[in-house]
Amino acid sequence: SCIEAARIIQNAFRRYKGRRLKEQQDMAAAVIQRCYTEVQAVRSLQEDDPGGHL
Numbered sequence: 001s002c003i004e005a006a007r008i009i010q011n012a013f014r015r016y017k018g019r020r021l022k023e024q025q026d027m028a029a030a031v032i033q034r035c036y037t038e039v040q041a042v043r044s045l046q047e048d049d050p051g052g053h054l
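In the UniProt record's numbering, the protein residues as written are 1 to 54.
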């Protein structure tokens, strides 16, 4: 029936949207982790150079 078809389409669309959201969240997490790692590396270098020559 039409109602059953609409229900199937809605469920498929919701799964698709959820998958896209998860992909975006995974990409954002990777960017945040990379930036955090870079900040930690810079801080480590600054601690090794107390005279501020960097």
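Where is the CB? At the ideal position from N, CA and C, for every residue including glycine.
Quick one: Cα of Leu45 to Cα of Val39, how far? 10 Å
Consult DSSP for Asp49 and reduce its assignment to one of helix, strand or coil. coil
As assigned by DSSP and simplified to three states, the class of Ser1: coil
Note down the Cα distance separating Arg14 from Tyr36, rounded to an integer number of angstroms. 33 Å
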